[in-house]
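Here's the structure, in structure tokens; my notes come after.
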Amino acid sequence: MAQPAGNPGAVGQQYTTNPPRELPRRRGTELMLLAFAAFIVTSAFVLVQANQEQELSWSIVWYGLAYLAIFAVAHLAVRRWAPYADPLILPCVALLNGLGLVMIYRIDLANAQEAIAIGEVTSGSAPRQVLFTVFALALFLGVLVVVKDHRTLTRYAYTFGLIGIVALALPALLPSSLSEVNGAKVWLKLPGFSIQPGEFAKILLMIFFASFLVAKRDLFMTAGKRVMGIELPRARDLGPIIIAAVVCLGILVFQRDLGTALLFFGIVLVMLYVATERIIWVVVGLSMFFVGALIAYQLFTHVQQRVANWIDPLSTYDEPGGGYQIAQGLFGLGTGGVFGTGLGAGRPETVPEANTDFISAALGEELGFVGLAAILMVYLILAMRGMRSALAVRDTFGKLLGGGLSFAIIMQIFVIIGGVTKLIPMTGVTTPWLSAGGSSLLANYILVALLLRISDTARRPQQPAKPRQPQPQAPLAEAHTVMVQRPPAGQPQPGVDGGSTP
Amino acid sequence: MNTPLRKVGVAMLVMVTLLLANATYIQVVQADDYRTDSRNSRVLLDEYSRERGKIVSEEAGQVLAGVTPTDDQLKFLRTYLNGPMYAPVTGYYSVLYGAGGLERSEDEFLNGSDPRLFVRRLSDMITGRDPRGGNVRLTVRPSVQEAAYNAMVQNGYTGSVVALDPKTGDILAMVSTPSYDPGKLASHDAEEQQEAWTAFTEDPANPMLNRAIRETYPPGSTFKIVTTAAALENGMTADSGVTSAAETTLPGTSTTLENYGGATCPGSTLADALKYSCNTAFAEIAGQLGKEKLEATAANFGIGMDDLAIPMGVVPSGLGDLESEAALYQSGIGQRDVRLTPLQDALLAATVANDGVAMKPQLIKALLAPDLSTIEEFGPEELTGEPAMSAENAQALTDMMIQSEANTSGGGKDESLKIASKTGTAEHGTDPKATPPHAWYTAFAPHDDPQIAVAVIVESGGNRGLAATGGTVAAEIARSTIAAALGGG
């Protein structure tokens with residue numbers, strides 16, 4: 001293997017005034033942080049067992065080893081295929097995944113106890129979640145290996161977009177028997193297992209959208225008429241955002257999936273804003289959102305019910321489809337208080353769907369406000385590191401995709417944790433890496449692999465540029481009047497990214 | 001493109017900050033509301049799955065309320081020894097309906113959350129044992145409780161029996177009939193619980209009412225103990241002359257007040273008046289004493305106390321409004337608006353027995369740790385701090401009550417028990433002459449060394465209808481209760 005920045009190169013030295021710095025790879029830091037995450041997760045496991053069963057069993061060893069193996073492989077893969085990647089991203093994901101696993105295991109224990117009491121046999125979700133994590137790891141490795149450079153993704157942007165739309169629409173088109181679980185028509189039921197294609201569509205569409213926006217950026221940046229000092233976009237440029245809105249409305253109507261609709265719309269808006277740097281898109285988008293929300297509220301009873309449950313879940317407690325679940329979640333959060341009941345010492349299983357939609361309520365109950373805040377901070381660190389990579393990466397596509405992916409993380413937790421804690425109406429989306437469920441886990445591991453790839457590119461010394469340096473030397477020498485802040489790094493429009501855009 | 005990215009970064013910060021602020025609101029500011037919401041089963045389930053303390057009797061430490069381990073989510077089933085008999089004492093403990101009676105008033109101690117158990121809870125946590133609740137030892141003597149309960153139930157009476165140790169205020173027995181089985185309310189089968197609850201609460205006989213402390217009745221002639229005590233304290237003696245007329249007109253009205261059966265009183269001293277329970281005499285005595293003096297003596301018996309807890313709250317007894325002389329006349333014989341709980345009625349006899357000093361009634365002897373070591377013991381306490389009468393007057397009243405007992409018929413008479421008593425036949429209802437009266441009997445024994453004071457009320461004449469009197473209906477119950485107490489040592 002050629003060491004990516006093994007020798008700074010005597011050749012480059014004499015030509016460049018700005019020699020490529022040898023950035024520390026910081027893989028050691030990552031390993032240490034991973035070990036720290038493993039320590040926290042193992043301690044959590046021990047606590048759960050001590051509190052639930054009053055004794056330690058061999059399953060700790062089993063889960064512990066599986067966890068260590070998964071993240072050891074992930075770490076080695078990053079060392080091998082993304083050596084300059086941000087050292088905080090993987091440990092954050094490892095910690096969240098581990099804590100989610102612990103909570104899922106803990107709720108399994110409670111459900112098993114209940115099942116014994118009424119003489120039933122349940123299969124736990126934790127072993128499945130471990131299995132999903134292994135699959136997710138495979139996918140993660142696959143993305144790291146195949147996508148050597150995230151810019152290659154732009155070549156398949158339209159394919160991805162098509163697949164994404166089809167995947168998103170598929171459950172709506174299929175008969176309910178093949179696509180509906182618990183009233184949500186977002187599944188694809190295959191023999192043996194089910195997947196939520198929407199989770200994958202989310203990432204595919206983000207790639208498409210980033211690529212599309214980068215290609216057509218100029219179009220959107222062209223100002224239309226000025227009305228009262230505000231530059232309005234031209235009507236025909238509204239196309240993409242209208243399409244996005246229509247797609248979201250479709251999801252809302254045909255799949256009754258408010259959460260995903262909200263998620264998509266938020267991400268599209270942010271990417272549009274980042275690409276065009278024009279706040280008017282956000283204003284237009286938000287206005288469309290509020291109008292759409294208002295119409296949806298008038299038209300759909302399930303939307304009205306959600307809003308009623310949000311305003312006062314205690315008053316709709318006894319209604320069918322009422323605030324029972326949210327109220328139970330709030331009871332759990334309230335019982336947990338500041339410091340929580342302690343892992344394994346609460347009763348998070350009282351809340352329906354405690355290990356999926358309401359896993360944040362379960363964590364908030366047993367770890368308290370302190371624990372929930374810590375988890376939110378981990379998400380924030382993760383997303384901020386992603387955002388940092390997006391800022392540092394040199395190509396616009398990378399910036400847009402990195403920013404979108406990072407924002408998607410926060411948008412997801414805002415929608416779901418905000419719903420659980422009654423900040424906004426409850427809409428079901430998964431809690432990335434924490435909640436039980438294969439599709440979400442797999443999709444979010446792809447997301448993190450892409451973020452690692454982008455951050456790796458951002459911090460990687462610009463090795464590929466060197467052999468070509470003698471050639472651009474001549475035009476550079478002639479073009480005195482052009483300010484070239486950075487080496488071109490194979491970009492078609494070096495000037496655009498210099499931060500001097502109007 | 002970096003500027004908007006940075007702004008999106010700020011937006012992300014704001015979103016997480018909103019989540020944090022909201023979580024603070026839910027988990028810190030509103031936490032208590034959510035935690036204590038009645039629909040939040042968590043706290044309750046925790047409490048139920050802890051091993052609840054026992055309620056044990058004084059004599060032989062019989063376990064009146066205990067627990068058996070179960071396989072279900074609640075881990076322990078509350079069990080009651082002879083539930084209906086002890087229900088007024090123990091109360092109930094239900095997953096669906098909460099707790100009542102002693103189970104409720106001592107809930108914190110029984111469920112282990114009382115601060116007095118704190119050190120033990122800590123050591124339990126360190127040694128890895130599940131925290132357990134503390135135990136409560138009662139003053140109740142099963143032999144007395146059993147005798148009183150069986151006597152009431154065998155006759156099918158509705159009413160109450162309260163037995164006290166006059167010297168300490170210890171409640172030896174507390175019976176209320178008809179009763180209910182708290183064991184059914186403790187069932188872990190929700191349906192069984194609901195059925196039992198509906199049956200108990202919708203029963204017109206109101207079995208869940210603890211008549212001994214939660215219901216007041218007109219005391220009738222048993223109240224003459226108070227009137228006599230007030231008379232003695234205010235200068236009269238056993239030999240003071242009183243009217244023996246068969247009837248007297250209520251001052252300021254044309255209504256007459258008669259002796260029982262419209263008979264002339266066979267004697268004309270205070271002692272005779274009590275012995276034969278002459279209404280006219282006591283009506284006039286009350287009228288002469290006036291409101292203040294009667295109220296002062298009554299207060300020292302404990303009548304009018306509104307914060308008595310044994311530790312269950314006792315509804316206050318009272319004299320009612322004594323504004324007119326007519327009201328005084330009627331109140332002097334325990335009618336009109338005079339209302340006493342059976343516990344208060346037992347206190348009348350107990351106060352006379354204890355040289356005129358009322359002792360605070362109490363049901364709990366001691367609080368014990370889960371390992372049965374004593375955490376707190378409760379000694380005798382005076383009820384009001386001021387004697388209702390002097391020791392000499394108490395002795396004089398005792399002699400009168402001995403005479404009254406000699407004049408009282410009814411079953412179970414036994415000279416060797418040395419009972420001093422007073423009967424009562426209280427009219428009640430909108431048409432008192434046509435409604436079977438409440439039969440009362442309050443007594444203590446032995447009169448030379450009082451060990452037990454008892455009050456019995458049989459509502460609405462028991463099985464004798466309009467002809468019922470305290471002597472014919474209630475006396476027998478009290479005598480068998482006393483016999484059980486003294487016979488048992």
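Protein chains in written order, with full-length UniProt numbering: chain A, 1 to 502; chain B, 1 to 489. Note that beta-carbon positions come from the ideal geometry of N, C-alpha and C, so glycine has one too.
Do residue i and residue j have their C-beta atoms closer together than 9 Å?
i: residue 181 of chain B; j: residue 260 of chain B; result: no
i: residue 152 of chain B; j: residue 212 of chain B; result: no
i: residue 334 of chain A; j: residue 371 of chain B; result: no
i: residue 133 of chain B; j: residue 52 of chain B; result: yes
i: residue 270 of chain B; j: residue 231 of chain B; result: yes
i: residue 274 of chain A; j: residue 404 of chain A; result: yes
i: residue 380 of chain A; j: residue 12 of chain B; result: yes
i: residue 389 of chain B; j: residue 275 of chain B; result: no
i: residue 346 of chain B; j: residue 162 of chain B; result: yes
i: residue 77 of chain B; j: residue 186 of chain B; result: yes
i: residue 215 of chain B; j: residue 316 of chain B; result: no
i: residue 443 of chain B; j: residue 144 of chain B; result: no
i: residue 23 of chain B; j: residue 137 of chain A; result: no
i: residue 330 of chain B; j: residue 250 of chain B; result: yes
i: residue 204 of chain B; j: residue 300 of chain B; result: no
i: residue 365 of chain A; j: residue 347 of chain A; result: yes
i: residue 285 of chain B; j: residue 242 of chain B; result: yes
i: residue 130 of chain A; j: residue 66 of chain A; result: yes
i: residue 83 of chain A; j: residue 312 of chain A; result: no
i: residue 332 of chain B; j: residue 227 of chain B; result: yes
i: residue 446 of chain A; j: residue 140 of chain A; result: yes
i: residue 360 of chain B; j: residue 376 of chain B; result: no
State the start and end residues of the unbroken beta strand (DSSP E) segment that holds residue i.
i: residue 160 of chain B; result: 159-164
i: residue 490 of chain B; result: One cannot answer for residue 490 of chain B here, as it falls past the ends of chain B, which runs 1 to 489.
i: residue 464 of chain B; result: No beta strand (DSSP E) holds residue 464 of chain B; DSSP gives it neither H nor E.
i: residue 444 of chain B; result: 438-445
i: residue 452 of chain B; result: 452-458
i: residue 79 of chain B; result: 76-80
i: residue 426 of chain B; result: 420-426
i: residue 69 of chain B; result: 63-69
What whole-angstrom Cβ distance do residue i and residue j have, given they're in contact under 8 Å?
i: residue 443 of chain A; j: residue 202 of chain A; result: 7 Å
i: residue 65 of chain B; j: residue 238 of chain B; result: In fact, because the Cβ distance is near 47 Å, the residues do not count as touching under 8 Å.
i: residue 220 of chain B; j: residue 335 of chain B; result: 7 Å
i: residue 343 of chain A; j: residue 376 of chain A; result: Their Cβ separation, rounded to whole angstroms, is 18 Å, which puts residue 343 of chain A and residue 376 of chain A out of contact at 8 Å.
i: residue 349 of chain B; j: residue 458 of chain B; result: In fact, because the Cβ distance is near 17 Å, the residues do not count as touching under 8 Å.
i: residue 302 of chain B; j: residue 308 of chain B; result: 7 Å
Give the range of the alpha helix (DSSP H) segment to which residue i is assigned.
i: residue 271 of chain A; result: 258-276
i: residue 43 of chain B; result: 41-48
i: residue 297 of chain A; result: 279-299
i: residue 99 of chain B; result: Run containing residue 99 of chain B: none in the alpha helix (DSSP H); it sits in the beta strand (DSSP E), 98-100.
i: residue 366 of chain B; result: Element bounds for residue 366 of chain B: not the alpha helix (DSSP H) but the beta strand (DSSP E), 364-368.
Note to self: Across the segment 312-325 of chain B and the segment 195-208 of chain B, are there enough close Cβ pairs to call them in contact, namely three or more that are closer than 8 Å?
What the structure shows: no
Note to self: Beta carbons nearer than 8 Å to chain B: which residues of the segment 393-410 of chain A have them?
What the structure shows: 396, 399, 400, 403, 406, 407 and 410
Margin query: Output needed in chain order: residues of the segment 23-46 of chain B with a Cβ under 9 Å from some Cβ in chain A.
Written below: 23, 24, 25, 26, 27, 28, 30, 31, 32, 33, 34, 35, 36, 37, 39, 40, 41, 42, 43, 45 and 46
Next item on the list: Could you tell me whether the segment 147-156 of chain A touches the segment 86-105 of chain A, using the rule of 3 or more Cβ pairs below 8 Å?
Entry: no
Note to self: For the pair the segment 429-438 of chain A and the segment 390-406 of chain A, tell me if three or more CB-CB distances fall below 8 Å.
What the structure shows: no
Note to self: Taking 8 Å as the cut-off, does the segment 337-356 of chain B touch the segment 447-457 of chain B (at least 3 CB pairs, one atom from each stretch)?
What the structure shows: yes
Notebook entry, point to check: If contact means a Cβ-Cβ distance below 8 Å, which residues of the segment 174-187 of chain A contact chain B?
Noted result: none
Item checked: Stretch-stretch touch, CB-based, cutoff 8 Å, three pairs: the segment 400-414 of chain A with the segment 258-270 of chain A -> yes
Check: Okay, do the segment 477-485 of chain B and the segment 158-176 of chain B touch, 3+ Cβ pairs below 8 Å being the bar?
Finding: yes
Checklist line | Touch test, the segment 84-94 of chain B against the segment 136-154 of chain B, Cβ-Cβ under 8 Å, three pairs minimum | finding: yes
Notebook entry, point to check: What residues in the segment 446-464 of chain B bring their beta carbon closer than 7 Å to a beta carbon of chain A?
Noted result: none
Notebook entry, point to check: Do the segment 345-364 of chain A and the segment 425-436 of chain A touch if we need at least three Cβ pairs shorter than 8 Å?
Noted result: yes
Next item on the list: For the segment 375-400 of chain B, enumerate the residues whose C-beta is nearer than 9 Å to any C-beta of chain A, in chain order.
Entry: none
Notebook entry, point to check: So does the segment 442-459 of chain A actually touch the segment 193-208 of chain A, counting three or more Cβ pairs closer than 8 Å?
Noted result: yes
Notebook entry, point to check: Going along the segment 408-441 of chain A in order, which residues come within less than 8 Å of chain B, judged by CB to CB distance?
Noted result: 410, 411, 413, 414, 417, 418, 421, 422 and 423
Next item on the list: Decide if the segment 313-330 of chain A is in contact with the segment 290-298 of chain A; the criterion is three or more beta carbon pairs, one per stretch, under 8 Å apart.
Entry: no
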